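Take 187 as the starting number for the sequence shown in the working numbering and just add one per residue. Beta carbons are placed, not taken as given, at the ideal position from N, Cα and C, and that holds for glycine. Only a predicted model underlies this, so the values are computations on that prediction, with no experimental measurement involved.
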Amino acid sequence: KLSEIGVAAHFNTCLLNYYPTGSDGMGYHADDEPELGPQPIIASLSLGATRSFVLKHKNPPTNAQSKVELHLESGQLIVMRGVTQQYWKHTVTKTKTVQQGRISLTFRKMIQ
């Protein structure tokens, strides 16, 4: 249960993304659809190959870090909450040297 690791949210949707190799990725985007509400909680579980997940500030202030890169290993969970989708975009970068597949299970709550 996600609640057992401190994710206090009730999800009603799970999106599965499959990346067959490192040649597959997801471009920069924000999960800011109206159906998710103003400050959605998004929990994403990585399975399979380690891949690079990058958060990029949409309009970085001059004194702020504009990018954050994480290497998500199999079994790791990332949770984005609050104003994350309002101020940041994220991506799974292409890494052509990776030949193994990756699955992400992305949990969210649709409000409409």
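Cutoff 6 Å; reference residue i; Cβ partners in own chain excluding five residues on either side
i	result
L231	L263, L291
A216	Q271, K275
F293	F197, C200, A229
Contact check, residue i vs residue j, beta carbons under 8 Å
i	j	result
V265	G208	no
P246	S252	yes
G211	K282	no
G287	G234	yes
T277	V254	no
H243	Y273	yes
Range of the contiguous beta strand (DSSP E) that encloses residue i
i	result
N198	Counting along the chain, N198 falls outside any beta strand (DSSP E), and DSSP gives it neither H nor E.
G223	Per DSSP, G223 belongs to no beta strand (DSSP E) and is neither H nor E.
S212	First, the amino acid is wrong: residue 212 is Met here, not Ser. Note, M212: beta strand (DSSP E), 212-215.
Three-way DSSP call (helix, strand, coil) for residue i in this model
i	result
T292	strand
S230	strand
Same chain only: Cβ atoms within 8 Å of residue i, ignoring 5 sequence neighbours per side
i	result
K295	A195, H196, F197, N198, T199, L222, G223, P226, I227
P220	Q298
Cutoff 7 Å; reference residue i; Cβ partners in own chain excluding five residues on either side
i	result
H257	T236, S238
Quick check on the DSSP output: what are the complete alpha helix (DSSP H) runs of length 4 or more inside the region 232-288, in order along the chain? Within the region 232-288, the complete alpha helix (DSSP H) runs of at least 4 residues are 270-273.
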